[in-house]
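Colleague:
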Amino acid sequence: AQSVAQPEDQVNVAEGNPLTVKCTYSVSGNPYLFWYVQYPNRGLQFLLKYITGDNLVKGSYGFEAEFNKSQTSFHLKKPSALVSDSALYFCAVRGPNSGNTGKLIFGQGTTLQVKP
Amino acid sequence: DGGITQSPKYLFRKEGQNVTLSCEQNLNHDAMYWYRQDPGQGLRLIYYSQIVNDFQKGDIAEGYSVSREKKESFPLTVTSAQKNPTAFYLCATQPKGTGRVAFFGQGTRLTVV
Chain A
173 AQSVAQPEDQ
183 VNVAEGNPLT
193 VKCTYSVSGN
203 PYLFWYVQYP
213 NRGLQFLLKY
223 ITGDNLVKGS
233 YGFEAEFNKS
243 QTSFHLKKPS
253 ALVSDSALYF
263 CAVRGPNSGN
273 TGKLIFGQGT
283 TLQVKP
Chain B
100 DGGITQSPKY
110 LFRKEGQNVT
120 LSCEQNLNHD
130 AMYWYRQDPG
140 QGLRLIYYSQ
150 IVNDFQKGDI
160 AEGYSVSREK
170 KESFPLTVTS
180 AQKNPTAFYL
190 CATQPKGTGR
200 VAFFGQGTRL
210 TVV
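Taken in sequence, the protein lines are chains A and B.
Read the first sequence against the numbering used here and you will find it ends at 288, with the numbers running on by one and no gaps.
Read the second sequence against the numbering used here and you will find it ends at 212, with the numbers running on by one and no gaps.
(1) Looking at C-alpha atoms only, which residue of A/187, A/223, A/192 is the closest neighbour of residue 266 of chain A?
(2) If you follow the beta strand (DSSP E) that residue 266 of chain A is part of, which residue opens it and which one closes it?
(3) In the structure shown, what three-state DSSP assignment does residue 199 of chain A receive?
(4) Taking a cut of 7 Å between CB atoms, which residues from the segment 122 to 138 of chain B lie near chain A?
(5) In the structure shown, what three-state DSSP assignment does residue 190 of chain A receive?
(6) What residues in the segment 197 to 211 of chain B have a beta carbon less than 8 Å from any beta carbon of chain A?
(7) Taking all protein chains shown into account, do 16 or more other C-beta atoms lie within 10 angstroms of the C-beta of residue 191 of chain B, making it buried, or fewer, making it exposed?
(8) Helix, strand or coil: which one does DSSP assign to residue 132 of chain B?
(9) Using 8 Å as the limit for Cβ to Cβ distance, is residue 273 of chain A near chain B?
(10) Assign residue 181 of chain A to buried or exposed, taking buried as 16 or more other Cβ atoms, counted over all protein chains shown, within 10 Å of its Cβ.
(11) Below 8 Å on C-beta distance, what does residue 221 of chain A contact in chain B?
(12) How would you list, in chain order, the residues of chain B whose beta-carbon sits under 9 Å from the beta-carbon of residue 262 of chain A?
Below you can see the structure in the form of structure tokens.
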């Protein structure tokens, strides 16, 4: 079965420091991987995706993520955190066997807290 | 966000009542989805629809119903059979194609009173 794990419920980082939000996945075949961000009482906003090609993917607001097939990971990173990055982050996967349904499997989310 | 409108933003339901959450899109996307969000549990799929007049159950469909009479609209009814309906509900749409990205509405927070 397809699954996504975000091992940390919360990540705390000081403003200006690098941040990492971890994600591991389990799918059969090559995955399609996504990161979304959610601010309080709002919908999810797309940050970046990995479909194929370069393992380092760059996205919105200075975020990037590295696809590591051997470790089945897709960690979200940013070189210098901002207080405004504080939000809930979701990793999601769509397996190649999802066919035309396009169903996404979400991790449980990680709250990022950036302190001034 | 953008071309997906969910209404109302907040909804209160009495015990035993059915309520309907609205989701309208102008993105011309074929696929539409309903997710339920509870703290610490991520998003769980309730129902989805890939074309008009067709829809499939997701992982937690019990106590919910949907319809897809128009491409633009995918309303979700929370019935009295749903024993724990208090949650944040998110509607999403998705275009066709490899690597397609899902777009989300702003959500409806449903509370049982």
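Cβ coordinates follow ideal geometry from the N, Cα and C atoms, glycine included.
Modeller: Taking the definition as stated:
(1) A/223
(2) 259 to 266
(3) coil
(4) 130
(5) coil
(6) 197, 198, 199, 200, 201, 202, 203, 204, 205, 206, 208
(7) buried
(8) strand
(9) yes
(10) exposed
(11) 198, 200
(12) 141, 142
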